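388 is the number that my numbering gives to position 241 of the sequence shown; each next residue is one higher, with no gaps. Backbone N, C-alpha and C fix where the C-beta goes; we use that ideal spot for every residue, glycine too. In this text, all values refer to a predicted model and were calculated from it rather than measured experimentally. The structure appears right after this line, and notes come after that.
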Amino acid sequence: MGTTYIDGRWVDDADATLSVRSRAVNYGLGCFAGVRGYLADDNEQVYVFRLDRHIDRLSYQAKILYLAMPDPSSVHDTLLELLRKNDARYDVYIRPLLLHNSNELAPILDPATTTFVAYSMPLKRYLSDDAIDVCVSPWRRTSDNAIPSRAKPTGGYVNSALARKDAIDNGFAEAIMLTEAGKVSEGSAEHIFLVRDGALFSPPSTEDNLDGITRQSLISLATEDLGLEFVERPIGRTELYSADEIFLCGTGAEVTPVASVDRRLVGDGSGGSVSKMIQQHYEDVVRGRVEHRMGWLTPVW
Ligand code: PMP
């Protein structure tokens with residue numbers, strides 16, 4: 148049993164409840180963030196990765212969805228307090244949520260009825276340690292003009308869940324979704340990078356994917372620290388079949404190399420050396436081993 152924050156109160160997880168009548172439940176009206184903290188090599192300190200970037204993104208998600216965002220510095224303090232109250236001395240995932248919590252019938256977006264919740268849980272790998280097999284989903288990514296993918300809306304995850312269910316039922320670990328126009332968008336909860344002739348390629352967020360914090364961080368790490376070339380451009384489906392390497396990334400997924408797409412091997416299927424180099428550098432950064440990237444980390448203890 149852990150401790151959850153809800154509207155100014157600290158309660159046992161089981162007591163952080165909403166009515167079944169809540170608009171958040173009935174219509175999926177709300178948005179959320181997903182943040183990770185990593186146990187440092189001393190087995191004592193925990194570093195939260197890019198906390199303020201996540202809070203910034205939550206602020207504009209709230210604006211898109213007419214939710215009342217609490218003061219960012221109070222959210223910062225609340226999330227660190229959450230980890231301390233839960234004695235988080237392990238790899239941890241933090242989930243802040245803003246919800247339209249009114250019991251009236253119509254699906255109306257009224258900032259005055261916002262509920263702010265935050266909970267945490269231990270989290271190791273979200274996907275596998277090994278390179279994964281993925282498919283191109285028959286489900287298209289919801290357009291940002293229909294359900295704003297940029298806003299991480301709770302209800303929008305119906306799209307992710309359908310794609311992931313279909314992928315898993317068909318023996319794949321994850322799905323890659325295309326936009327309605329047929330271009331590569333993202334995974335159910337990850338961004339995608341391709342490697343071709345040593346350079347990295349990834350579609351911009353205007354391809355109906357989230358404005359990704361891991362993705363932006365990896366672009367900096369790859370270009371500034373590892374001297375790799377990066378190109379942001381729309382990507383066609385068959386480029387997935389001709390890439391030298393592919394990896395997925397996200398707060399949950401971290402850096403996860405792809406072994407195959409639609410049963411076609413990517414490279415030799417073992418993950419690829421550029422992907423593994425980026426994966427290792429990211430791991431070093433989040434655990435506090437890279438001095439000049441310590442500014443991305445917020446210590447909990
Ligand atoms: N796409 C979607 C749909 C997601 O839910 C996530 C997880 N937040 C990501 C991509 C990865 O984004 P980030 O690196 O900001 O966590």
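Residue i versus residue j - alpha carbon distance
{"i": "leucine 270", "j": "cysteine 396", "result": "16 Å"}
{"i": "arginine 170", "j": "histidine 247", "result": "6 Å"}
{"i": "methionine 441", "j": "arginine 197", "result": "10 Å"}
{"i": "valine 413", "j": "threonine 150", "result": "43 Å"}
{"i": "isoleucine 425", "j": "valine 402", "result": "8 Å"}
{"i": "threonine 445", "j": "alanine 253", "result": "41 Å"}
{"i": "glycine 184", "j": "isoleucine 241", "result": "8 Å"}
{"i": "arginine 297", "j": "glutamine 192", "result": "32 Å"}
{"i": "aspartate 415", "j": "lysine 423", "result": "14 Å"}
{"i": "methionine 268", "j": "serine 220", "result": "22 Å"}
{"i": "serine 332", "j": "arginine 384", "result": "10 Å"}
{"i": "alanine 161", "j": "methionine 148", "result": "8 Å"}
{"i": "alanine 180", "j": "serine 166", "result": "22 Å"}
{"i": "glutamate 251", "j": "arginine 168", "result": "8 Å"}
{"i": "tyrosine 152", "j": "tyrosine 237", "result": "19 Å"}
{"i": "glycine 175", "j": "alanine 265", "result": "17 Å"}
{"i": "lysine 299", "j": "aspartate 358", "result": "9 Å"}
{"i": "glutamate 321", "j": "threonine 398", "result": "15 Å"}
N-terminal and C-terminal residue of the beta strand (DSSP E) that residue i is part of
{"i": "methionine 148", "result": "Looking at the DSSP string, methionine 148 is not in any beta strand (DSSP E), and its letter there is neither H nor E."}
{"i": "methionine 268", "result": "261 to 269"}
{"i": "histidine 338", "result": "338 to 343"}
{"i": "aspartate 280", "result": "279 to 283"}
Near ligand 3: residue i beta-carbon under 7 Å from a heavy atom
{"i": "alanine 336", "result": "As far as ligands go, the structure on display features ligand 1 and does not contain ligand 3."}
First and last residue of the uninterrupted alpha helix (DSSP H) at residue i
{"i": "proline 219", "result": "219 to 232"}
{"i": "glutamate 386", "result": "386 to 389"}
{"i": "glutamate 430", "result": "420 to 433"}
{"i": "leucine 198", "result": "198 to 211"}
{"i": "alanine 171", "result": "170 to 174"}
{"i": "arginine 362", "result": "360 to 367"}
Interface flag, residue i vs chain B, CB-CB below 8 Å
{"i": "isoleucine 360", "result": "Looking at the structure shown, chain B is missing, and only one protein chain is on hand."}
message = Does the region 255 to 273 come into contact with the region 213 to 232, if we say contact requires no fewer than three beta-carbon pairs (one atom in each stretch) closer than 8 Å?
response = Flag = yes, the region 255 to 273 and the region 213 to 232 touch.
query = Would you say the region 402 to 421 touches the region 266 to 280, given that touching needs at least three Cβ pairs under 8 Å?
reply = These segments touch.
ask   = Do the region 310 to 328 and the region 283 to 294 touch if we need at least three Cβ pairs shorter than 8 Å?
value = The region 310 to 328 makes contact with the region 283 to 294: 3 or more CB pairs, one atom from each, lie closer than 8 Å.
message = Closer than 8 Å is the cut-off here; do at least three beta carbon pairs connect the region 385 to 396 with the region 332 to 343?
response = Taking a cut-off of 8 Å for Cβ pairs, the region 385 to 396 and the region 332 to 343 touch, as three or more such pairs fall below it.
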